[in-house]
Every structure is written in C-alpha cells, then in structure tokens.
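Residue numbers (our numbering): 19 to 342.
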C-alpha cells in the first residue's frame, strides 16, 4: 500500500486539519518521521496525537471542571430505569439491513426492557438541547454522529436506563445477562490493563447504562456544551470520549465503582464478519459477550458473500442461551 493510500485511509487532509486545530500537528509530523508509515507506526502516531489533544482540552477546562465538581448536588435523584435507548435519525424503516437486524435482536432478547427508538421526528418529545447546539447541528458543524453522543448524555441524565448504538447485536436473553449491565449507577465497556496504558480515550460509548443525574455524565455534558459555545468544528473525532475520560479521571472514586468489562471481546465478531462461518467459533464468541459492536459500512461485494458470519447473523435466529 502506497503512502497516498495510507494517508487517505487515515483521514487525509481532514485529519491534518484536526491535528492542527488540536495543537497536535507537530507531534504527528515528528512521530511520522521517527516511526515511518506502516500500519502499527501510524496507530502509534494517532494515539500520540490524540493524547496531546486530550491533555490540551483538560488544561483548557481545568477551572471549569473544579467548579462543576464543587457545585454538583449529591442529593439529586438517581433513578434507575428499564428503558433502552436506540437512535436512528431517519427511522428504522430507512435503516440499513444490519441495523434493522440489530434492533430486532434487542427486541427479541431484552423482553423486560422498554426499548425506545429515537428519530429526528420524535427526539423533541424526550429531550431539549440548547439552541446553539441545535443551530450548529443544522449547519453541519455538529455531525449526526456527535449529535448522538450528546443525545445519549441527555437521555441518560434525564431518565436513566441504557443507551445502545444501533449497530449493536444482542445474542443473550435478558436473564442470562449480568444485572450490573442494567442496574449500575454507571456502566460502560472500557480498555483495561495492560491495554489501558496505551490509550488516551479508554471508554467505549456504544453501550452505556446509568441512573439519572449521574455525576460523570453530567460533567461530560457540561464540558461538551462549554466546548460548543466557542467552537464551530471538532478538534477531535473522539471529543465525547476525551471529555468522558477527563470526567472519570477527575472523579476517580466514581470510576472505581464501574464494573470493569474489557471492550475487546465485543469487537471480535466485527473483525470476523465476512470470514467463512465457523459454528464453534461463533458459539465461543457469543458465549463470552452478550453484546457485539458491528458496522454496516462495508462494500456490497462483502455483503453478498455466502456462508459468512454476517450471512448467519442476517438469515437465522441468533440466541445464546448460556450465560456470558
């Protein structure tokens, strides 16, 4: 693979602009000169640049973080909820086939949960965003992807419950999923040691459960909104992750109470999605985890392959009756 193709796949000029805005362009160039252009070197470069951006954000908002923590009211109601929040702005009837399959898997397996689909049409029924957030979304300064980051914060802070990305497949019945997935004051998948030491953004945001008015999520929302008061674009694609990690690092006792669950297992199926189907491997993977983060962003040629893990998921009822 040539350097031009590698550059394009890493984000091209858009990535350079992002690093420039975040003050990490010099770091990225230096790392590129030292490490070279192979895939592993570019991953190290990306992590170094993201770490620098995150540290700059933390320094910029340090005073606001202290002020928020000082005025946070511990007596706010922390209600649990049986709601599961899923979003597809265009409506499920307009969603890709894989998204519809994932949504059906939630309905089939989480039968004791109130699964609510958020769309662009009904979003206002559940949450209210500051007008400047809505305006920047309409102008395209806030992407749909980042808008769902803000949406999950608003929903979980107001109502509690569980947020699940629309591309998450559930392969376990509710009774076989540990209760802490649903009943914790805060739960999410995360990078654990030893991999944690190499990650600046260690949280996964595709599944988050929380009680209402969770402090970490409220601080994350506060930092996101403070950012958008003065910005018209994102300094980092993982801005939400940056701020949530910062919120956790400034509330270590809250972080310690989060049940540790590594975020690597739920991605195994995604990495094997278009390989030849292997029943033993599939049973092992789905037996390890009840939730699996997938993607619909593949070529039509890949989707048309037969006898793959993808075709198995799409064409048959998927259910793991064993615990996870």
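Each residue gets a CB set at the ideal place from its N, CA and C atoms; glycine is no exception.
From a predicted model like this one, the values you see are computed outputs, not experimental measurements.
Handout entry: Residue from 106, 301 and 307 whose Cα sits closest to the Cα of residue 166
Key = Residue mapping note: residue 166 aligns to position 148 of the chain shown, counting from 1. Residue 166 has its Cα closest to that of 106, out of 106, 301 and 307.
Problem - Three-state secondary structure assigned by DSSP to residue 160 - result: In the chain shown, the residue the question calls residue 160 occupies position 142. Correct three-state label for residue 160: coil.
Practice task
Look at the alpha carbon of residue 334 and the alpha carbon of residue 240, and state the distance between them as a whole number of angstroms.
Solution key: Locating residue 334 in the chain shown gives position 316, counting from the first residue. Locating residue 240 in the chain shown gives position 222, counting from the first residue. Rounded to the nearest angstrom, the two C-alpha atoms are 43 Å apart.
Exercise for the section: Below 8 Å on the Cβ atoms is my guess for residue 121 versus residue 104; work out the distance and round it to an integer in Å. Expected result: Translated into the one-based positions of the chain shown, residue 121 becomes position 103. Translated into the one-based positions of the chain shown, residue 104 becomes position 86. Going by Cβ atoms, the distance from residue 121 to residue 104 rounds to 6 Å, so yes, they are a contact pair.
Problem - Touch test, the segment 195-205 against the segment 251-263, Cβ-Cβ under 8 Å, three pairs minimum - result: no
Problem - Inter-residue spacing [alpha-carbon to alpha-carbon] between residue 139 and residue 162 - result: Here residue 139 is taken as the residue at index 121 of the chain shown, counted from 1. Here residue 162 is taken as the residue at index 144 of the chain shown, counted from 1. Spanning the two alpha carbons is a distance of roughly 14 Å.
Practice task
Measuring alpha carbon to alpha carbon, tell me which of 332, 268 and 308 ends up nearest residue 81.
Solution key: Translated into the one-based positions of the chain shown, residue 81 becomes position 63. Among 332, 268 and 308, the Cα nearest to that of residue 81 belongs to 268.
Problem - Straight-line gap, residue 284 to residue 192 (C-alpha atoms, nearest Å) - result: Along the chain shown, one-based indexing puts residue 284 at 266. Along the chain shown, one-based indexing puts residue 192 at 174. Rounded to whole angstroms, residue 284 to residue 192 spans 17 Å at the Cα level.
Exercise for the section: Find the nearest neighbour of residue 198 within the set 129, 290 and 226, judged by alpha-carbon distance. Expected result: Locating residue 198 in the chain shown gives position 180, where the first residue counts as 1. Here the closest residue by C-alpha is 226.
Exercise for the section: Per DSSP, which residues does residue 311 bridge with? Please list them. Expected result: Residue numbering aside, residue 311 sits at position 293 when the chain shown is read from its first letter. According to DSSP, residue 311 bridges with 186.
Practice task
Determine the closest residue to residue 329 out of 124, 306 and 296, with distance taken between C-alpha atoms.
Solution key: The residue labelled residue 329 in the question sits at position 311 within the chain shown. Minimum Cα distance to residue 329 is reached at 296.
Practice task
Could you name each continuous alpha helix (DSSP H) segment of 4 residues or more that falls completely within the segment 192-243, going from the start of the chain to the end?
Solution key: 198-201
Practice task
Measure the Cβ-Cβ separation of residue 222 and residue 178 and say whether it is below 8 Å.
Solution key: As a position in the chain shown, residue 222 is number 204, starting the count at 1. As a position in the chain shown, residue 178 is number 160, starting the count at 1. The answer is no: Cβ separation not under 8 Å.
Practice task
Please look up how many angstroms separate the CB atoms of residue 117 and residue 314, rounded, as I've assumed it's under 8 Å.
Solution key: As a position in the chain shown, residue 117 is number 99, starting the count at 1. As a position in the chain shown, residue 314 is number 296, starting the count at 1. Confirmed, about 6 Å.
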